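Participant:
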């Protein structure tokens, strides 16, 4: 339980207040909920910072990221970190694939509260959005404690561990043409935590594959993305690749057996890859 | 921090900690209709408010964030005296039932219509996607919106609300607003939590972390030092009284196998100690400081483990019998173990053997089943397993008790106020005249509030401390320390011939009662007694055993044992049809009972006594099956455009009871007040199902009084007379009949008094609207007002007060057919319920709109049980799904795409105005209907709950 609440009014103020004892308070659906994964003595509310709002098309000012292969675009879609899931669903500017990912959060009331930035920052293994952002080649705009703007692609942000934990996520940046992005979420009920959320994007033959596997990992599946970019794979080949990926350890838990999760992950990847590579959503 | 905001159009300022939750701030402001059902999980939506015009969960918002904001709460809509169009439409549509979430839902629908004047079905679904409705389902929410819009646009409703029955009657069988609807939808004081006093102490229970352990010692010395602690209760300072928590007729067919606190804990979550403190925080802190030394014991979690030779024993104490003790009891008790085991006391023999973990057993047979099996064309044999599931009422268990004038007053959210009084009397030692139980409105029961799960301890705590005490279960406690549906293993063997005749049925039921034996005999009995009598079969046998284990406790749950038995027996019947090569529908039609068929099988299926063999009474089963088959297009194969999705259809015939003939007892008192109005005191417990409205309608119908001249007070042990309670589908039939008897008696008194006052013969008089006596002979009339006024003034005969008592041996059985169309993805195992049609015979549905909603609600529950809900335990007995999100309760997203409830018109001979029960039976059909449809879709029989995608894939050989 937090002991202190600070209402930040500027991005710089919010970023400067973040430390190991504090946490950003965005929509509150994670921090304030029962069994939250976030605990902090001080909460820095960022709900009143106007610069974190808004959805717009802007000139791409981000540097290209050679390590992750992200290219620099002409114009990009900027989604302010404090935009709620419902803001995204209602926006005319947001592509359908991202709206679909936002609708994975079945509760309208929760969608009214939960923010894009908050969901990304949590990097949960049942994330509604992250696999889709990975598949779409999204980037994050952040502000560090010293007020420096930092850009990182979603893949790099994910793989960086806690490196950027204290940065304030300012916006999610999406290429206007991300190619075809297809996602699927498997959960017991619409309100349950997802056992699996998978997203496959394909642009100019290059496949991006993101997956949130509950109690296993939130992961960009680089090797499989490469293989799928270079050739078509059948269910068996994908299953073999999933099984061969030693970094993916599947637990036997309330979401199902390891065999079930491996199989499901494989057939969903297979189906989504066919759709994405075939240009169908 | 100073928080300035506008709440329901009024400026408000608070000087509070900004990290306080918004809901807590609103409670300070008196907005108690902003409730909490999930301990801030963001699931149930009871805490929904609007902040700057947007629906949010108040428990997930901090007070400091709303500074300068405008907030609307459910209680800011309309009062019960001045309802808004939306609130009224919700009542009229029949969705305001137990209603814990009705105010929040009213707020959401109001918000929807303010922002979208012509919402589509998808818009309504989206608006309600964050609110959990367990009682009435979601279907009539669409109707409520439609009604509200019609009234907004045209000033009146145009759409029919529900079908009407019995044109010769005025209010019976017609949609009439539920009488407690305004209070509930407006969010006025109604539930236990609303009656706690400012000086209330809070009780928090320390629970066992072990599935089985002896308590060596408890050190509460540090806990007692916490400021504000009033008392700490443990096994060492509470009575050595053995009882049980099932609210059943006395003597109960359940063993008395527990004390307030035991020295052996028998499940994770079992009571160890209770702290009563002046604040909740102090109680929690003190709880955390209690030191307990346990001697951990091996545990058993399944019936297979419990029945294994040498299995750890859940109970191994001394056995006593109040009646019918066996001759070898002394020898038997020589096997008793550690004194900390306590005792097991039977009111009469239950064919139990605690040394084999058997809590109860029974068996019986008609005809010759083995011979039938040997001489039939086909025999099928399969085992069906049901899982442990929880009722999840929105209002978690709660009790508020205090001493007043030397008496213990208990505010309880209960289905059984008189059983609460009796059991609280047992544990406190108080006689019943010193205990006053007030049943408040009940925010969802579904059987779990048939058990006295917290009232015993809360009542005792208030009695020994002399302080007002509130105990309110957390959602986790609902799962681990409450009651659940008994997991069952139902083995069915069924034989038939090629002519479509079923020749023999054998059911073997092994039930898991958990650590205590609440309902341990009667729930599994129901698995047989409410399924076998569906069949015209001369050879039937049942054998049931109930095992103690160390899982969370089991108890009563809507449908009782019937959903499990129905799942097994109907699935087996479909498997038999498959094997015989006969269409399942034809097999059903050839073998179901009809009116007049003598039910020999009932002889051995009484509740701990011999059952009465009776013929089938009014029966709408055939019509339900025919109607449902026509609606769903039975026999027509549906083909999906996507080859991965396979479509199938299934159905199940269902039955229940209407109370327990020969056991249940209901009473009512009808009073003609001095102005000619009537107050009916009903012993019945309206748990949101509209029972009070039924009683009011009965008075209105008999005395020809307008509904607003009738008040029903129910479930108050001081002012009402005895009633066994709202369980076993008894409400309409027993409590309703008691109201009818009392009202008829009052009518007789009115006519007699009127004859005296009018100088007429009683035979020449009758009553008529709007509440007067008239003479068929002289055409003179006397209003109830004048009649009553004269009767109590000067030399009158006194107030007319009539008592009605109802018992019966008659059995009125509701029947029905539930139909499902499912789509199964053979690649991913996903299952979608595309269509669900519930066709039921409820006799005369006295409240048809409420009846339909109860059918929708019960079906939604059972779809949940069949497909999603599951209390998963780890190897140490910890529940891994003890919250709403992980547990898997279905919400509007899981509702069938095409969902219909239909009432078959049947007039029963014994029910009040021909009524039978409605709600429980609707829990019985979904599992077999869906299971059979899954087989029709993809060819696999799923023989265990929940029927999951993983099980589909395994059955298909995909994994």
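Residue numbers (our numbering), protein chains in the order written: chain A, 8 to 288; chain B, 15 to 973.
Every residue, glycine too, gets a C-beta built ideally from N, C-alpha and C.
No experiment lies behind these values; they were computed from the predicted model shown.
Which chain A residues are close to residue 100 of chain B, counting only those with a beta carbon under 8 Å from its beta carbon?
Facilitator: Taking the first residue of the second chain as 1, we reach residue 100 of chain B at position 86. Here the premise fails: no neighbours, minimum Cβ distance about 17 Å.
Participant: Could you tell me the alpha carbon to alpha carbon distance between residue 846 of chain B and residue 144 of chain B, rounded to whole angstroms?
Facilitator: On the second chain, residue 846 of chain B is found 832 positions in, with the first residue counted as 1. On the second chain, residue 144 of chain B is found 130 positions in, with the first residue counted as 1. Roughly 20 Å separates the two Cα atoms.
Participant: Would you say the region 903-920 of chain B touches the region 419-430 of chain B, given that touching needs at least three Cβ pairs under 8 Å?
Facilitator: no
Participant: My understanding is that residue 415 of chain B touches residue 495 of chain B, with C-beta atoms under 8 Å, so please give their C-beta distance in whole angstroms.
Facilitator: Start at 1 with the first residue of the second chain, and residue 415 of chain B comes out as number 401. Start at 1 with the first residue of the second chain, and residue 495 of chain B comes out as number 481. Between residue 495 of chain B and residue 415 of chain B the Cβ distance is about 19 Å, and since that is not below 8 Å, they are no contact.
Participant: Would you mind sorting residue 974 of chain B into buried or exposed? The rule is 16 or more other CB atoms within 10 Å of its CB.
Facilitator: What is shown of chain B runs 15 to 973, which leaves residue 974 of chain B out entirely.
Participant: With a cut-off of 8 Å, do at least 3 Cβ pairs link the region 555-573 of chain B to the region 933-940 of chain B?
Facilitator: yes
Participant: Find the residues of chain A that neighbour residue 73 of chain B, judging by a C-beta separation of less than 9 Å, and give them in chain order.
Facilitator: Numbered from 1 along the second chain, position 59 holds the residue referred to as residue 73 of chain B. Result: 39, 40 and 41.
Participant: Along chain B, which residues have their Cβ under 9 Å away from the Cβ of residue 236 of chain A?
Facilitator: For the purposes of this step, residue 236 of chain A is taken as residue 229 along the first chain, with counting starting at 1. Near residue 236 of chain A there are no residues of chain B at all, since even the closest Cβ is about 24 Å away, more than 9 Å.
Participant: Could you give the first and the last residue of the continuous beta strand (DSSP E) run that contains residue 839 of chain B?
Facilitator: Working through the second chain from its first residue, we reach residue 839 of chain B at position 825. Here the beta strand (DSSP E) through residue 839 of chain B covers 829-839.
Participant: Rounded to whole angstroms, what's the CA-CA distance from residue 989 of chain B to residue 119 of chain A? Just pull it up for me.
Facilitator: This structure leaves residue 989 of chain B out entirely; chain B is present only between 15 and 973.
Participant: Which residue comes first and which comes last in the beta strand (DSSP E) that contains residue 372 of chain B?
Facilitator: Counted from its first residue, the second chain places residue 372 of chain B at position 358. Per DSSP, residue 372 of chain B belongs to the beta strand (DSSP E) from 372-380.
Participant: Helix, strand or coil for residue 293 of chain B? Go by DSSP, reduced to three states.
Facilitator: As a position in the second chain, residue 293 of chain B is number 279, starting the count at 1. Here DSSP, grouped into helix, strand and coil, assigns residue 293 of chain B to coil.
Participant: Sorted by chain position, which residues of the same chain lie with C-beta nearer than 6 Å to residue 198 of chain A's C-beta, five sequence neighbours on each side aside?
Facilitator: As a first step, residue 198 of chain A is located in the first chain; it is residue number 191 there, counting from the start. Same-chain partners within the cutoff: 113.
Participant: Verify whether the separation of the beta carbon atoms of residue 392 of chain B and residue 594 of chain B is less than 8 Å.
Facilitator: In the second chain, residue 392 of chain B corresponds to position 378, counting from 1. In the second chain, residue 594 of chain B corresponds to position 580, counting from 1. Residue 392 of chain B is a Cβ neighbour of residue 594 of chain B, given a cutoff of 8 Å.
Participant: Can the beta-carbon of residue 828 of chain B be found closer than 8 Å to that of residue 709 of chain B?
Facilitator: Taking the first residue of the second chain as position 1, residue 828 of chain B is located at position 814. Taking the first residue of the second chain as position 1, residue 709 of chain B is located at position 695. In this structure, residue 709 of chain B does not lie closer than 8 Å to residue 828 of chain B by Cβ.
Participant: So what's residue 747 of chain B in DSSP terms, helix, strand or just coil?
Facilitator: Taking the second chain and counting its residues from 1, one reaches residue 747 of chain B at position 733. Residue 747 of chain B falls in the helix class under three-state DSSP.
Participant: Just to confirm before moving on: does the CB-CB distance between residue 884 of chain B and residue 401 of chain B stay below 8 Å?
Facilitator: Taking the first residue of the second chain as 1, we reach residue 884 of chain B at position 870. Taking the first residue of the second chain as 1, we reach residue 401 of chain B at position 387. Yes; because the gap between Cβ atoms is below 8 Å, this pair is in contact.
Participant: Please classify residue 305 of chain B: is it buried, with 16 or more other beta-carbons within 10 angstroms of its beta-carbon, or exposed?
Facilitator: As a position in the second chain, residue 305 of chain B is number 291, starting the count at 1. With fewer than 16 other Cβ atoms within 10 Å, it is exposed.
Participant: What does residue 159 of chain A pair with, by DSSP beta-bridge criteria?
Facilitator: Looking up residue 159 of chain A in the first chain gives position 152. Looking at the DSSP assignment, residue 159 of chain A forms a beta bridge with A/147.
Participant: Our contact map puts residue 280 of chain B next to residue 564 of chain B with C-beta atoms below 8 Å; I'd like the distance itself, whole angstroms only.
Facilitator: Within the second chain, residue 280 of chain B is the residue found at index 266, counting from 1. Within the second chain, residue 564 of chain B is the residue found at index 550, counting from 1. Between residue 564 of chain B and residue 280 of chain B the Cβ distance is about 6 Å, and since that is below 8 Å, they are a contact.
Participant: Assuming residue 700 of chain B and residue 839 of chain B make a contact with CB atoms under 8 Å, what is their CB distance in whole Å?
Facilitator: Translated into the one-based positions of the second chain, residue 700 of chain B becomes position 686. Translated into the one-based positions of the second chain, residue 839 of chain B becomes position 825. A Cβ-Cβ separation of about 43 Å leaves residue 700 of chain B out of contact with residue 839 of chain B under the 8 Å criterion.
Participant: What three-state label does DSSP hand residue 450 of chain B in the structure shown?
Facilitator: Here residue 450 of chain B corresponds to residue number 436 of the second chain, with the count starting at 1. Residue 450 of chain B: strand per DSSP, three-state reduction.
Participant: Is the number of C-beta pairs between the region 110-121 of chain B and the region 192-201 of chain B that are closer than 8 Å three or more?
Facilitator: yes
Participant: Anything in the region 854-886 of chain B with a Cβ closer than 7 Å to a Cβ of chain A? List those residues in chain order, please.
Facilitator: 882 and 886
Participant: Indicate whether the contact test is met: 3 or more Cβ pairs, each with one atom in the region 54-69 of chain B and one in the region 268-285 of chain A, closer than 8 Å.
Facilitator: no
Participant: Alpha carbon to alpha carbon, how far is residue 864 of chain B from residue 871 of chain B?
Facilitator: Numbered from 1 along the second chain, position 850 holds the residue referred to as residue 864 of chain B. Numbered from 1 along the second chain, position 857 holds the residue referred to as residue 871 of chain B. Answer to the nearest angstrom: the Cα atoms are 10 Å apart.
Participant: Would you call the CB atoms of residue 926 of chain B and residue 187 of chain B closer than 8 Å?
Facilitator: Translated into the one-based positions of the second chain, residue 926 of chain B becomes position 912. Translated into the one-based positions of the second chain, residue 187 of chain B becomes position 173. No, these two residues do not count as a Cβ contact at 8 Å.
Participant: With a cut-off of 8 Å on the beta carbons, I'd call residue 141 of chain A and residue 159 of chain A a contact; round off their distance for me.
Facilitator: Against the first chain, residue 141 of chain A aligns to sequence position 134. Against the first chain, residue 159 of chain A aligns to sequence position 152. Contact annotation, residue 141 of chain A with residue 159 of chain A: C-beta distance approximately 12 Å; criterion of less than 8 Å not satisfied.
Participant: Need the endpoints of the beta strand (DSSP E) that residue 519 of chain B sits in, please.
Facilitator: Stepping through the second chain from its first residue, residue 519 of chain B is reached at position 505. From DSSP, the beta strand (DSSP E) with residue 519 of chain B extends over 516-528.
Participant: Under 7 Å Cβ-Cβ, which residues of chain A neighbour residue 70 of chain B?
Facilitator: Taking the second chain and counting its residues from 1, one reaches residue 70 of chain B at position 56. Simply 116, 119 and 120.
Participant: Can you list, in chain order, the residues of its chain whose CB lies under 6 Å from that of residue 729 of chain B, leaving out five sequence neighbours each side?
Facilitator: Along the second chain, one-based indexing puts residue 729 of chain B at 715. The answer, listed in chain order, is 431, 453 and 699.
Participant: Going by the DSSP bridge assignment, what does residue 192 of chain A pair with across the sheet?
Facilitator: By one-based count along the first chain, residue 192 of chain A stands at place 185. Beta-bridge pairing links residue 192 of chain A to A/204.
Participant: When DSSP labels each residue in this structure, what does residue 240 of chain A get in the three-state scheme?
Facilitator: Taking the first residue of the first chain as 1, we reach residue 240 of chain A at position 233. Coil, per DSSP.
Participant: Tell whether a beta-carbon distance below 8 Å holds between residue 586 of chain B and residue 396 of chain B.
Facilitator: Position 572 of the second chain, counted from the start, is the residue given in the question as residue 586 of chain B. Position 382 of the second chain, counted from the start, is the residue given in the question as residue 396 of chain B. Their beta carbons are under 8 Å apart, which means residue 586 of chain B touches residue 396 of chain B by this criterion.
Participant: Between the Cα of residue 435 of chain B and the Cα atoms of B/531, B/735 and B/195, which residue gives the shortest distance?
Facilitator: The count along the second chain starts at 1 and reaches residue 435 of chain B at position 421. It is B/735.
Participant: If we count the other Cβ atoms within 10 Å of its Cβ and call it buried at 16 or more, is residue 182 of chain B buried or exposed?
Facilitator: The residue you call residue 182 of chain B lines up with position 168 of the second chain. Residue 182 of chain B comes out exposed.
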